[in-house]
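The structure appears below as structure tokens.
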Amino acid sequence: MPLDPASLAAYAALQKALLGHMPDYSTTYLVRVQDPGQEPPVRDVYITVNVPRLKRATSDTGTGTKRTQEEINKFGGGGGDVKNVTKTSAGVTEDSSGQQHVRGEHTEITYVVDGVPLPDTLSGRQGAIVVSSTIESVDVVLGGFAPEFGIQTAAILDITTLPRAKKFGADLDLTYGGFNTRNAQLTAMSPVGSKFGYVLNLASNKTDRVSEPQQPDRQAAHNHGEDENAYGKFTYQASARDRLALTLSTNPSRSQIGNRTGLPDSFAQAGQGFGFQGLRNHDGSIPGISPDGTLGSATMPLANQDAAGMDINQKESNEFATFTWRHTFDEKSTGLFGLVFLHSGQDVFNNNPFVDVLNLPVDSSIEYNPTASRNVHHVQVNGTYSTRTGAHSLKAGFIYDKQSGDESYRIEAASQLALDGLAALAPELVPVGATNGETDVYGNPVYVPTLGSTPTLHVQRDGHYAGFFLQDTWRMGKKFTVNYGLRFDNFRQTQNLGQAAVDKSLVSPRLNLSYAVDKSTTVRASYDKLFNTPPLAQGAILGEPLQPPIVDQYDLSIEKQITPYQSVKLAYYMKDIRNQIDVGLLVPGSEIGLYSGVNLQRGGVHGLEFSYDITAKGGVGWDGYFNYTLSAAKPNGLDNTGEEVDDYNDHDQRQTVGFGLAYTWKSGFSAAITLQHGSGLASSAIPPSTSRTPRTSVDLHLTTGDRLFKGKGGLSLDMDNIFDRRDVINFQSAFSGTRFQSGRTLSLTATFKF
């Protein structure tokens, strides 16, 4: 059928807009055409573009991985957090408690949602910030960072959320699975008249295994979790040149902090999870320690945490609102203004048995009775202006983020050994008292309180982050593209702990190159100086205040499009980091739901990445990915408390393998298998051995597509960790405690379309 003049005009406009950056998946574009001779004068034209997932355009100087919602659902099981996306990318190491370490750094990831960067949130959270079911596509940028990217730069998750729909549609997903997992999710989208549109997502999730357990067998011991998600995106096309959008998201959650129930006899040389930090065995002995009269050295059988009645819980609230105004000045120039409000909060509370601080037992499997509250608020304004002139694409922008954080900590020791450990670490958190000149079995001075009340430490932090950038992407002919520019960053923070204020500024050069060797081969190289912001409401309460990390990052990669549906890439990166930040347990080795940031004087990371991707032609056939990473993450010097750092970061993993293969039939039925393998984190060694513990997980995902129930829905079957591996993730780690791999889980999802 021939196109009418308005559709032809829309197609021409779309073709021009896509020049140099063709989409890498099937998608539908809304083009708003203005024709004064028509009635009404403005009309919507929808054009669907179907193309295979291509390598990055030659003009794209960044490096990383792009994924669509279809791929997220196919390989990640759908729903849940956006970590379903990042785990399919090279350079990503999975850890416990939902942590994902990108290219040797902690979790310094910036979420950019529809062009607007979100401020940082709290570590240790269980709830999601961005729900993957609301994502249309995501670009995981790992290197070649244009000057427009800042805040946190281990990775940039450049997310495009679901667009305004052509007509009303809704999906209802109902899931039931192992460990009493029950999920319900409703997504609805619709236009409202010719100018308004909305996307809504409501979800509720419950499970009896919310986090990785502290033992391989009893995985549901005090491990229940619930979360709710409410998301709304509302758009308004004010004119042919102006588009307004309001996004609201709230993600409250509640979870239990898992209890230790004891480890098998095979762990007797390391400690079976009884007593302070789980260092004591079931029979009451401490491996390698003989009773000699030192406090705590005697053999003392103890009840495990679960039997002793430990009941620590965590409550969270993660919520944000964004307002954006996109304005088209002319066919070459656009502007974006954004306003962001974000709140992230955590409350940790307990119903543990009462203890008399003046008459503590020598040891107990319950270490502490914590009561803590942490809240961080951000008010952020940002804007960008982009224009094209000849072979140059110019972009300038700014960001200002006003930050405030409030924390309170009351950590009551439940044994003398726990009190000694806390007094040596943070004297301001223990009751009034003094040491008696003796040391306990773990080398800590024995602390004797003289008052029976445990103090509450209040911490208040205020500050801001400001940034400005100017960049140019210069297409020097058909083969060579250079992205270059400068970024200015400033971070200031004050606190009430008597620490000096932090006030750091930096001008950072960025140079990113892309060269098309031929039509199918692209070489990229880059040098980027990066300024990262430290966490606010989980900053150090010990030692010196956290300083912003400064990173010098070098990237070199070659990517080849073997066929229109297959690509392969080899990449090398190197990072030199000053004031590297890691986030670990507030009380090292204890797992009470509290985390704190720490500065490491120097950090060095380098790695080699190989990746291969295949895409089904027309959505039917084979999809797949394979990636292999060889890397090392090694700190150096002292931390911000003056202690020497370890030889390797706790999250260092030398070899990481990711694999996914799926086949989709014409009926829409799809079967996918994924594999994640790691050679072992530095924190996975089980004493007395120094060898790391490798771990592997193989998952299976089956879906009928949406053609069941007379084309109104479908069924999905997900089996995670089908071989029921329960390997060690972390063991007696100061940063992560002890965590084991979650066992096999089977879940069934029914989807209904309206």
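In our numbering, the protein residues as written are 540 to 1293. Just so it is clear, CB atoms sit at the ideal spot from N, CA and C, and this is done for glycine as well.
Residue from the options with nearest C-alpha to residue i
i: V1297; options: S672, V651, I674; result: Nothing can be reported for residue 1297, as the shown portion of the chain is limited to 540 through 1293.
i: A973; options: G982, L958, Y981, V980; result: L958
i: G801; options: S1286, T1277, L1287; result: T1277
i: I1212; options: N1188, P1227, N1260, P1174; result: N1260
i: P730; options: H761, A742, Y775; result: Y775
i: V998; options: L961, L1036, L990; result: L1036
i: G643; options: A1172, S1047, F614, N798; result: A1172
i: L1139; options: T910, N1118, D1263, T1290; result: N1118
i: T726; options: T700, Q638, F862; result: T700
i: S856; options: N768, V901, R1283; result: N768
i: D979; options: G835, A807, D902; result: G835
i: N975; options: G929, T993, Q955; result: Q955
i: N740; options: S1275, A784, N790; result: N790
i: V920; options: L1239, P658, T604, S1275; result: P658
i: P656; options: T673, R793, I690; result: I690
i: S947; options: D1001, G960, I938, D886; result: D886
Coarse secondary structure for residue i, derived from DSSP in three states
i: T910; result: strand
i: K613; result: helix
i: S1129; result: coil
i: S947; result: strand
i: Q577; result: With a pLDDT of 47 at Q577, under the threshold of 50, the predicted position of this residue should be treated as unreliable, and no value is reported.
i: K734; result: coil
i: K1156; result: helix
i: F815; result: helix
i: E644; result: coil
i: D804; result: helix
i: T1083; result: Here residue 1083 turns out to be Glu, not Thr, going by the sequence shown. Note: E1083 maps to coil in three-state DSSP.
i: V624; result: helix
i: T692; result: coil
i: A1221; result: helix
i: E1182; result: coil
i: E633; result: strand
i: L968; result: helix
i: S1135; result: strand
i: S671; result: helix
i: N1166; result: strand
i: G1176; result: strand
With 16 other Cβ atoms within 10 Å as the buried cut-off, status of residue i
i: D1191; result: buried
i: G617; result: Interpretation of G617 is limited by its pLDDT of 49, a score under 50 that renders its predicted location unreliable; no figure is taken from the coordinates.
i: P966; result: exposed
i: F707; result: exposed
i: S1044; result: exposed
i: Q577; result: Low per-residue confidence applies at Q577: pLDDT is 47, beneath 50, and the placement is therefore not dependable, though the value from the model is reported in the following sentence. Q577 comes out exposed.
i: N722; result: buried
i: P1300; result: In this structure the chain extends from 540 to 1293, so residue 1300 is not present and cannot be described.
i: M728; result: buried
i: T995; result: exposed
i: T1288; result: buried
i: F813; result: buried
i: L696; result: buried
i: S778; result: exposed
Range of the contiguous alpha helix (DSSP H) that encloses residue i
i: L961; result: 955 to 964
Element boundaries [beta strand (DSSP E), containing residue i]
i: R793; result: 792 to 795
i: K1099; result: 1089 to 1102
i: K605; result: 602 to 607
i: M839; result: Here M839 belongs to no beta strand (DSSP E), and DSSP marks it neither H nor E.
i: R782; result: 781 to 789
i: R1193; result: No beta strand (DSSP E) holds R1193; DSSP gives it neither H nor E.
i: F1293; result: Run containing F1293: none; DSSP gives neither H nor E here.
i: D1115; result: 1105 to 1124
i: S1272; result: 1267 to 1272
i: N762; result: N762 -> no beta strand (DSSP E), and no H or E assigned at all.
i: T863; result: 851 to 869
i: D712; result: 708 to 716
i: I674; result: 674 to 682
i: G1276; result: 1276 to 1279
Restricting to runs no shorter than 3 residues, where is the beta strand (DSSP E) found entirely within the region 976 to 1037? Fully enclosed beta strand (DSSP E) runs of 3 or longer: 984 to 988, 996 to 1015, 1019 to 1034.
Could I get the ranges of all uninterrupted beta strand (DSSP E) runs contained in the region 1225 to 1263, with 3 residues as the minimum, in chain order? As summarised for the region 1225 to 1263, the continuous beta strand (DSSP E) elements at least 3 residues long and confined to that stretch are 1234 to 1242, 1252 to 1259, given in chain order.
What residue ranges within the region 1057 to 1081 form continuous beta strand (DSSP E) runs of no fewer than 3 residues, ordered along the chain? DSSP runs (the beta strand (DSSP E)) wholly in the region 1057 to 1081: 1060 to 1070.
What ranges does the beta strand (DSSP E) occupy inside the region 873 to 944, keeping only unbroken runs of at least 3 residues that lie completely in it? Counting whole runs of 3 or more residues, the region 873 to 944 contains the beta strand (DSSP E) stretches 907 to 928.
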